[in-house]
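Heads up: the protein sequence lines correspond to chains S and A, in order. 1 is the number of the first residue of the first sequence in the numbering used here; add one for each residue after it. 1001 is the number of the first residue of the second sequence in the numbering used here; add one for each residue after it. Note that CB positions come from ideal geometry on N, CA and C, so glycine has one too. Because the structure is a prediction, the values reported are computed rather than measured.
Number of protein chains: 2
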Amino acid sequence: MIHDLVSKSTVWRTALLTICAIAAVMTVSLPVDKLNAASKVSHFKLKNGLEVVVIPDHRAPVVTHMVWYRVGAADEPPGVSGIAHFLEHLMFKGTDKIAPGEFSKIIARNGGEDNAFTGHDATAYFQRVAKDRLPLVMEMEADRMVNLKLLEKDVATERKVILEERRSRVENDPSNILGEQMHAALYQSHPYGIPILGWEHEMRALDRKKALDFYERYYAPNNAILIVAGDVTGDEVKKLAEQTYGKIKPSNDRVRDARPIEPKHRAPIRVNLEDPRAGRATVQRMYLAPSYSVAEPGEAEALDLMVKVLASGSTSRLYKNLVVDRKIAASAGGWFSGTGLDSGRLGVYAVASDGADIADVEKAVDEVIADFIENGATQKELDRARNSYIASHVYGGDSQSRLARRYGWGLVNGRTIADIEAWPERLKKVTVEDLQHVAKKYFDKSQSVTGVLRPVDVKNAGSKKAKDGKKKS
Amino acid sequence: MIHDLVSKSTVWRTALLTICAIAAVMTVSLPVDKLNAASKVSHFKLKNGLEVVVIPDHRAPVVTHMVWYRVGAADEPPGVSGIAHFLEHLMFKGTDKIAPGEFSKIIARNGGEDNAFTGHDATAYFQRVAKDRLPLVMEMEADRMVNLKLLEKDVATERKVILEERRSRVENDPSNILGEQMHAALYQSHPYGIPILGWEHEMRALDRKKALDFYERYYAPNNAILIVAGDVTGDEVKKLAEQTYGKIKPSNDRVRDARPIEPKHRAPIRVNLEDPRAGRATVQRMYLAPSYSVAEPGEAEALDLMVKVLASGSTSRLYKNLVVDRKIAASAGGWFSGTGLDSGRLGVYAVASDGADIADVEKAVDEVIADFIENGATQKELDRARNSYIASHVYGGDSQSRLARRYGWGLVNGRTIADIEAWPERLKKVTVEDLQHVAKKYFDKSQSVTGVLRPVDVKNAGSKKAKDGKKKS
């Protein structure tokens, strides 16, 4: 269930686009560790409002260059779902200087690689190149920030690409179909319930005008963050940024509108999908929870640690109970998605083992959660979870692109550099009582959607049972 | 469950605002019968775009005067839920000519009564007065179409009124809480899922500016329909309308934007509410279905008749099976809501009788539906249902205000006068095969939300059962 967000195009996109709740586990709140480059991070703004972060990393003569726009799928106009992601694709179609489809080829010819992704809150473009190619890349990225040229025929071709992307990622995978339905049910009002790829019928109506309207509304230096990590200094990047992005005029009114605030739900929701392509029966549950951007102080950190103890990995309570001891599940886990400008999500899941009834599996998940709420974690469990996070945080700091993404996610979601860097220190303050507190507060079924995926022959067994039940009544 | 839409303020508002799905059963598609006044209906437009319908009814010297705006709660900007309904309240706050709160008092002093309502697709204002007061009423209604004056203090007071309205109608009634949650789950994308009253936290943020923005965007003669029924002729009304509404300039761009089209759902959804205030356990199910405005020819008519045979009244299949024969339900029924500019809804419900398990009740509902899909209705059942509709349509034609509302709903939802008047003829063409066809097509669980409401002591029994279940596994 967990996808690593390496920069391989497909994996990266899948993770972010179709199962972003789960993918976010990997990126959320892993600010840079002071042992790495963090203490030397520069952060400044150009006169036109472009925010710049420079993360020096001199281990190799390469740089990671990213531009993040403060706009994502949750900012799309009603009925135009998918336009943020479609525009991300179309951004590779060229400008006056770059012929259609040439952008990535030029990067590749210069020995680099590039990609992009769209989330609900942000859209980002990035390249990894040798240090001496940084000026070229900055020139090219600044160019397409305002000079995008779209031909009708390229738009039509790319619309087929995104429809195929949807077909292969969602339509071909019942667990992603279910995930999409669960997200839609989890948000009664907030646009996080609308898929990033878009609803298919709305994707079919996406066109050049809608893409350009969205582009002109949101793509501007004063709505963007430039992040450069690698074998450079703040001064070098500042000079290059002024020569490239600095030439672009700022635009008024590029700040996105506030999104509707999700109302408190009144009752638990269930979504049941039966699909012949499903493997084992699976139960998932998502709960509304705060994100780092909106949580009470310390709660998001406690949620990260709580879910680690309770449900993450083979030493977690959930896994040990369902998979190791009771053997009713083939796999079980949980996650907390704490990125998100407006809210986060907490989730648990379990896959039934052969012969196990998925209803019993769900009951077992509930029992493990109830026990945790009642008895909490031990200090040892908390310490192990915390050490594990801090370790992966340190290792994560070794990855230039991951480091760049930490700052990108943090800043785009309204956090400060100091916030991002103080994460390990804040983790250290979390107590076992905090874990119990957030478990009790956020494992609230009335704020949840439970999804059950069953293969078709399990369905038949279900009908049989229903008939037996009928006799009784 | 069925509320008659008489013009008594509270009943009228309750029905339309909080259980509009059910209420709509009463108003949907009951076009005027030719035996009544219909053949003399006039329909014309003023130069400024105001559409006018005159329904002569000379039985008594009274008139019903209505103005319908082609805007409702489904046209609200994201995050501003409740503004259409709030504005409806504020429309009684006065203009330069009418002091705050005086509008209804003037009508009452002239021996009349007035009210207003807000739906997802329309907002309407109406008065019933003696014939000689019609010029006064038209003058007043035309005045507030463009000259509304709002004082901050009146806005603040009225906001308390709508919050109290929400508290009393929704918060005090678990079945309305559940209904609201079910609607929210039934629409993943379309704004019909947002309550007409608004989400409470958004209602608290409604203010004078938001109300005036909405008013200025949508209230204009070219976005309105005037309906006058009563002891008048088309020529009389035309003259009066030109002297009053005719003086108002049309405005550009008052046509509402298209709303997002609801995507096809992939899996059934369930919402479970437990509430100590609930009486007997109840199960409800809503299915997405077309409305008269968007249905394939004949399908909406067939849906109306099908639900009548299957689930409406004590002679229906559902009632006979669950209440009379098996005695597991204290009540059971169903409805089709075919008004709606963009879509309709089909629904069934049952209330458990003492000692009955709500799961068994739901199973029984499903069996009745499955049997209907398999075996269809008899010609006798169809004829009875059709005759009953035609009779209530004829009787409905005796009510001046109901007659006016038929035309209002029809026109505001994009139908023509001819469409509205041909309804009984179209009903006559529906066959038993059509009933079976629409039942099969629209009783599709994957397009449904099932809501179960349980009182708390049934909940405890449920927990006990869960524990027993556990032992087994």
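- Rounded to whole angstroms, the gap between the alpha carbons of residue 1412 (chain A) and residue 226 (chain S) is 50 Å.
- Remark: C-beta atoms of residue 1120 (chain A) and residue 1192 (chain A) approach each other more closely than 8 Å.
- The alpha-carbon separation between residue 1182 (chain A) and residue 375 (chain S) amounts to approximately 35 Å.
- The shortest C-alpha to C-alpha distance from residue 68 (chain S) to any of S:314, S:55, S:410, S:130 is the one to S:410.
- In the three-state reduction of the DSSP assignment, residue 1089 (chain A) falls in the helix class, which pools H, G and I.
- Of all residues in the stretch 199-230 of chain S, only 199, 200, 201, 202 place a beta-carbon less than 8 Å from a beta-carbon of chain A.
- In chain order, 1078, 1079, 1081, 1184, 1193, 1194, 1199, 1202 make up the part of chain A whose C-beta sits under 9 Å from the C-beta of residue 189 (chain S).
- Assignment of residue 199 (chain S) by DSSP, reduced to helix, strand and coil, places it in the coil class.
- Annotated three-state conformation of residue 1172 (chain A) is coil, per DSSP.
- In this structure, DSSP gives residue 1331 (chain A) an extended state, which the three-state scheme calls strand.
- With contacts defined by Cβ atoms closer than 8 Å, residue 64 (chain S) and residue 401 (chain S) form a contacting pair.
- When DSSP assignments are scanned along the stretch 1099-1170 of chain A, the uninterrupted stretches of alpha helix (DSSP H) that are 4 or more residues long and fall wholly within it turn out to be 1102-1109, 1134-1146, 1152-1166.
- Here residue 378 (chain S) is exposed, its C-beta having fewer than 16 other C-beta atoms within 10 Å.
- Here the stretch 438-456 of chain S makes contact with the stretch 276-285 of chain S; the two share three or more CB pairs at distances below 8 Å.
- If you draw a 10 Å sphere on the C-beta of residue 152 (chain S), you find fewer than 16 other C-beta atoms in it, and that means exposed.
- Separation of residue 1301 (chain A) and residue 1431 (chain A) (C-alpha to C-alpha, rounded to the nearest whole angstrom) is 10 Å.
- Proximity of residue 276 (chain S) to chain A, defined by a Cβ-Cβ separation below 8 Å, is not satisfied.
- Under the 10 Å beta carbon count, residue 1386 (chain A) is surrounded by 16 or more other beta carbons and is classified as buried.
- Among the bridge pairs identified by DSSP, residue 66 (chain S) is matched with S:126, S:227.
- If you ignore the 5 residues before and after residue 74 (chain S), its C-beta comes within less than 7 Å of the C-beta of 120, 121, 191, 192, 259, all in its own chain and listed in chain order.
- Comparing C-alpha distances from residue 1179 (chain A) to each of A:1214, A:1164, A:1429, A:1196 shows the shortest one belongs to A:1196.
- Straight across, the Cα-Cα distance linking residue 1135 (chain A) with residue 1128 (chain A) is about 12 Å.
- Look at residue 278 (chain S) here: in three-state DSSP terms it is coil, with no helix or strand label.
- Chain-ordered, the chain A residues with CB closer than 8 Å to the CB of residue 265 (chain S) read 1181.
- Distances from the CA of residue 1097 (chain A) to each of A:1392, A:1144, A:1307 were compared; the closest alpha carbon is that of A:1144.
- Taken in chain order, the members of the stretch 1245-1258 of chain A whose beta-carbon sits within less than 7 Å of a beta-carbon on chain S are 1258.
- For residue 350 (chain S) and residue 362 (chain S), the gap between their C-alpha atoms comes out near 8 Å.
- Comparing C-alpha distances from residue 219 (chain S) to each of S:354, S:250, S:291, S:434 shows the shortest one belongs to S:250.
- At a beta-carbon threshold of 8 Å, the residues of chain A lying near residue 270 (chain S) are 1269, 1270, 1271, 1272, ordered along the chain.
- Excluding sequence positions up to five before and after residue 1426 (chain A), its CB lies within less than 6 Å of the CB of 1301, all in the same chain and listed in chain order.
- Residue pairing by DSSP puts residue 337 (chain S) in a beta bridge opposite S:345.
- The three-state secondary structure of residue 1440 (chain A), taken from DSSP, is helix.
- Spanning the alpha carbons of residue 1384 (chain A) and residue 1256 (chain A) requires a straight line of approximately 40 Å.
- Per the coordinates, the alpha-carbon of residue 1118 (chain A) lies some 7 Å from the alpha-carbon of residue 1124 (chain A).
- Note on geometry: alpha-carbon atoms of residue 1155 (chain A) and residue 1130 (chain A) lie some 32 Å from one another.
- Collapsing the DSSP output to three states places residue 1413 (chain A) in coil.
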